[in-house]
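When the letters of the sequence shown are read in order and numbered with the numbering used here, they come out as residues 37 to 161.
No residue lacks a Cβ here, since even glycine has one placed at the ideal position from N, Cα and C.
The structure displayed is predicted, hence computed values, not measured ones.
Comments concern the structure below.
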Amino acid sequence: MAETLTATTSGVVLPEKTESAPAVIPVDVDKTYTKDELVIHNKDGDLWLAIDGTVYDLTKFSEEHPGGKKILLGVAGTDASKKYRKYHGDNILQRYAKDYKIGILKIEVQAKESKGLFSLFKKKK
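Here it is in structure tokens:
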């Protein structure tokens, strides 16, 4: 409960208790997460996964998942796109994305090791 102050006609200020909603912390759904950040959220009570480059926090949803929590725990902390596509269509993501989307999975490209220009001309043994 929050307290607000109300002035009376006599000039006396009286506290008044009012119901207020708990503060809601907005989620930055455009936040970028790395695979290293995703992988640590892989357990009951802290369950994230990525589907098609989008990161979802399914911690609360895991209790109501029709396939059971165990299925989600099996892919927690990973890119679960292939397994998701095996059992679901886009309509499921569209229905739940606004409630569980927390960000975007950063695509990490690893450069091949360069051996230098002259390595192309060496004789193969």
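Taking only three categories from DSSP, how would you classify residue 41?
Reading the sequence shown from its first residue, position 5 is the one you call residue 41. Residue placement at residue 41 cannot be trusted, given a pLDDT of 49 that sits under 50; the coordinates are not used to answer.
Determine the closest residue to residue 91 out of 81, 100, 116 and 79, with distance taken between C-alpha atoms.
Mapped onto the sequence shown, residue 91 falls at position 55. Closest option to residue 91, Cα to Cα, is 116.
For the ligand NAP, any of its heavy atoms closer than 7 Å to the Cβ of residue 80?
Questions concerning the ligand NAP fall outside what the structure shown contains, since it holds no ligand whatsoever.
Are the CB atoms of residue 82 and residue 95 within a distance shorter than 8 Å?
In the sequence shown, residue 95 corresponds to position 59, counting from 1. In the sequence shown, residue 82 corresponds to position 46, counting from 1. A contact, by the Cβ cut-off of 8 Å.
Enumerate in chain order the residues of its own chain whose CB-to-CB distance from residue 80 is below 8 Å, with the five nearest sequence positions on each side excluded.
Locating residue 80 in the sequence shown gives position 44, counting from the first residue. Within the same chain, residue 80 has close Cβ partners 98, 105 and 109.
If you drop the 5 nearest sequence neighbours on each side, which residues of the same chain put their C-beta closer than 7 Å to that of residue 93?
What you label residue 93 is simply residue 57 of the sequence shown in a count that begins at 1. Hits under 7 Å: 84, 136 and 138.
Residue 138 lies in the beta strand (DSSP E); which residues open and close that run?
Stepping through the sequence shown from its first residue, residue 138 is reached at position 102. If you look at residue 138, you'll find it in the beta strand (DSSP E) that goes 137 to 141.
So residue 107 is in the alpha helix (DSSP H); what residue range does that whole segment cover?
Within the sequence shown, numbered from 1, the residue matching residue 107 stands at position 71. Unbroken alpha helix (DSSP H) run through residue 107: 105 to 111.
Check residue 65 in the structure and name its three-state DSSP category.
Counting from one through the sequence shown, the residue named residue 65 turns up at place 29. Here residue 65 sits in coil by DSSP.
Based on Cα-Cα distance, which residue from 123, 86 and 144 lies nearest to residue 74?
Position 38 of the sequence shown holds residue 74. Out of 123, 86 and 144, 86 has the C-alpha closest to the C-alpha of residue 74.
Please list the terminal residues of the continuous alpha helix (DSSP H) segment that includes residue 91.
Taking the sequence shown and counting its residues from 1, the one referred to as residue 91 is at position 55. Note, residue 91: premise wrong, no alpha helix (DSSP H); beta strand (DSSP E) at 90 to 93.
How long is the line joining the alpha carbons of residue 144 and residue 100, rounded to whole angstroms?
Within the sequence shown, the letter at position 108 stands for residue 144. Within the sequence shown, the letter at position 64 stands for residue 100. Approximately 32 Å between the Cα atoms of the pair.
Taking the alpha helix (DSSP H) that residue 82 belongs to, which residues open and close that run?
As a first step, residue 82 must be located in the sequence shown, where it is residue number 46. Segment 82 to 87 is the beta strand (DSSP E) holding residue 82; no alpha helix (DSSP H) there.
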